[in-house]
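Participant: Residue numbers (this note's numbering), protein chains in the order written: chain A, 1 to 200; chain B, 1 to 115. First, the structure itself, so that you have it in front of you.
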Amino acid sequence: MSYPDAVVVDDCSTDTTGVEASAAGATVLRHVVNLGAGAALQTGITYALQQGADLIVTFDADGQHAVGDIAVLLDVQARTGADIVAGSRFLGKTVGLPPARRLLLKAAVLFTRYTSGQNVTDAHNGLRLLTRKAASKIRITQNRMSHASELVDQIGPLGLCMVEAPVTILYTEYSLAKGQRLSNSISILVELLLARLSRS
Amino acid sequence: MIIQFILCAGLGFALLYAWLQRRKSRVVSIGLMIVAAIGILAVLAPDASTSVARALGVGRGADLIMYCWIVITLLVAVNLQVKILQMQHSITVIARELALRAPMPSSPVCTGSEH
């Protein structure tokens with residue numbers, strides 16, 4: 001299965017990511033300065049909305065997601081009519097997940113459940129489906145890594161309905177180097193705290 | 001004394017600067033003017049700060065001034081942090097706008113792709 005309407009956000013990559021993605025058939029949006037994963041996500045979502053997309057699937061570029069899982073998300077959305085379908089590695093499966101990383105992810109899940117009130121099983125999964133309605137309501141303002149929590153936090157207040165779908169996350173040396181670490185999670189906590197302070 | 005002259009000149013300059021900036025932000029301008037004026041008084045009459053300190057329960061005038069200085073510095077730091085966040089937000093908006101205006105068109109997909 002291939003999806004022709006692929007959008008790649010090139011967050012000021014220093015390698016040839018943009019050129020290769022364009023050559024492979026994707027529409028490439030390039031940030032002139034590096035802004036972070038959250039900002040890239042919002043840019044891609046805004047573009048998709050401008051192009052009139054009805055369903056938007058976000059997909060991390062570090063090779064940890066499986067293209068086949070997109071069909072699972074689409075299927076779950078069609079059956080449930082949910083506004084957001086979030087991929088969950090803990091409903092699905094993981095390949096090569098180190099135990100320490102598992103613990104960290106589980107802790108993040110507990111934190112997200114507590115702060116958002118959403119009964120999630122996986123908090124920081126980049127593979128998710130947004131309907132047009134959800135995508136136009138959600139605003140990602142956390143440019144760096146806190147965007148995942150920020151997104152889940154908005155679901156309740158915006159009155160959106162989220163369900164989870166089982167997906168597979170493949171851990172490779174590359175994706176592990178790119179993924180969240182313990183040190184990162186502390187800066188995420190600080191970022192979220194600052195965001196809450198500046199909002200109130 | 002020479003030090004009083006130097007400090008008064010510096011504080012006087014701050015007072016003048018705050019006065020000139022009054023149109024930009026009234027609150028900051030007035031706050032800075034009050035701080036500078038109190039500073040000049042404290043420099044000219046060092047004993048006054050000590051009596052104020054005593055009244056507030058602080059031993060020495062110099063200590064009181066240092067405590068106030070710490071509070072002011074923290075306020076300035078928070079103010080700068082907010083400014084930085086606002087600036088980051090503007091940069092994000094600009095970079096996003098540029099990205100959305102010039103999407104690299106998708107080149108035709110090579111033949112032989114699965115369908």
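Ideal placement from N, C-alpha and C gives every residue a C-beta, glycine not left out.
Take the Cβ of B/His89 as the centre, count every other Cβ of all protein chains shown within 10 Å, and call the residue buried at 16 or more, exposed below.
Facilitator: For the purposes of this step, residue 89 of chain B is taken as the residue at position 89 of the second sequence. Classification of B/His89: exposed, given that the 10 Å Cβ count is below 16.
Participant: Quick one: what's A/Glu164 bridged to in DSSP?
Facilitator: For the purposes of this step, residue 164 of chain A is taken as the residue at position 164 of the first sequence. According to DSSP, A/Glu164 bridges with A/Ala86.
Participant: Look at A/Gly25 and A/Ala6 and say whether their C-beta atoms are less than 8 Å apart.
Facilitator: For the purposes of this step, residue 25 of chain A is identified with residue 25 of the first sequence, where counting begins at 1. For the purposes of this step, residue 6 of chain A is identified with residue 6 of the first sequence, where counting begins at 1. Going by C-beta atoms, A/Gly25 is nearer than 8 Å to A/Ala6.
Participant: Quick one: residues in its chain with C-beta nearer than 8 Å to the C-beta of B/Glu114, no 5 flanking neighbours on either side, listed in chain order?
Facilitator: To locate residue 114 of chain B, count along the second sequence from 1; it is residue 114. Summary for B/Glu114: the model assigns pLDDT 39, below 50, so the residue's position carries little reliability; its value from the coordinates is reported in the next sentence. Same-chain partners within the cutoff: there are none.
Participant: Does DSSP put B/Met1 in a helix, in a strand, or in coil?
Facilitator: As a first step, residue 1 of chain B must be located in the second sequence, where it is residue number 1. In the structure shown, B/Met1 sits in coil (DSSP, three-state: anything other than H, G, I, E or B).
Participant: Would the stretch 40-53 of chain A count as touching the stretch 95-110 of chain A if we require 3 or more Cβ pairs under 8 Å?
Facilitator: Touching, no, given that fewer than three Cβ pairs across the two stretches are closer than 8 Å.
Participant: Would you mind giving the Cβ-Cβ distance between A/Ile70 and A/Val57, rounded to the nearest angstrom? I have them listed as a contact below 8 Å.
Facilitator: The residue given as residue 70 of chain A occupies position 70 in the first sequence. The residue given as residue 57 of chain A occupies position 57 in the first sequence. About 5 Å; that satisfies the 8 Å criterion.
Participant: Which chain A residues sit within Cβ distance under 7 Å of B/Ile91?
Facilitator: For the purposes of this step, residue 91 of chain B is identified with residue 91 of the second sequence, where counting begins at 1. Correct list: Val33.
Participant: Which chain B residues sit within Cβ distance under 7 Å of A/Leu29?
Facilitator: In the first sequence, residue 29 of chain A corresponds to position 29, counting from 1. In chain order: Ala99, Leu100, Pro103.
Participant: Bridge partners for A/Asp10 per DSSP, in chain order?
Facilitator: Start at 1 with the first residue of the first sequence, and residue 10 of chain A comes out as number 10. In DSSP, A/Asp10 forms a bridge with A/Arg30.
Participant: How far does the beta strand (DSSP E) with A/Ile56 in it reach, from first residue to last?
Facilitator: To locate residue 56 of chain A, count along the first sequence from 1; it is residue 56. Note, A/Ile56: beta strand (DSSP E), 55-58.
Participant: Name the one or two DSSP bridge partners that A/Leu170 has.
Facilitator: In the first sequence, residue 170 of chain A corresponds to position 170, counting from 1. In the DSSP output, where bridge partners are listed per residue, A/Leu170 has A/Val95.
Participant: Buried or exposed: A/Phe90, going by 16 or more other Cβ atoms within 10 Å of its Cβ?
Facilitator: On the first sequence, position 90 is the one that residue 90 of chain A refers to. With 16 or more other Cβ atoms within 10 Å, it is buried.
Participant: Opposite A/Thr131 in the DSSP bridges: which residues?
Facilitator: As a position in the first sequence, residue 131 of chain A is number 131, starting the count at 1. In DSSP, A/Thr131 forms a bridge with A/Leu55.
Participant: Whose C-beta lies closer than 6 Å to the C-beta of A/Asp62 among residues of the same chain, with five residues either side of it excluded?
Facilitator: Within the first sequence, residue 62 of chain A is the residue found at index 62, counting from 1. Cβ within range, chain order: Ser175, Lys178.
Participant: For A/Asn125 and A/Ala148, I'd like the C-alpha separation in whole angstroms.
Facilitator: The count along the first sequence starts at 1 and reaches residue 125 of chain A at position 125. The count along the first sequence starts at 1 and reaches residue 148 of chain A at position 148. Straight-line Cα distance between these residues: approximately 8 Å.
Participant: Mind checking which residues open and close the alpha helix (DSSP H) that includes B/Ile94?
Facilitator: Numbered from its first residue, the second sequence carries residue 94 of chain B at position 94. That run of the alpha helix (DSSP H) goes 61-101.
Participant: If you compare alpha carbons, which of A/Gly96, A/Asp75, A/Glu173 is closest to A/Ala86?
Facilitator: Translated into positions along the first sequence, residue 86 of chain A becomes position 86. Residue A/Asp75 is the option with its Cα nearest to A/Ala86.
Participant: Based on DSSP bridge pairs, tell me the residues matched to A/Thr145.
Facilitator: Your numbering for residue 145 of chain A matches position 145 in the first sequence. Correcting the residue type first, residue 145 of chain A is Met in the shown sequence and not Thr. Bridge partners of A/Met145: none, in fact.
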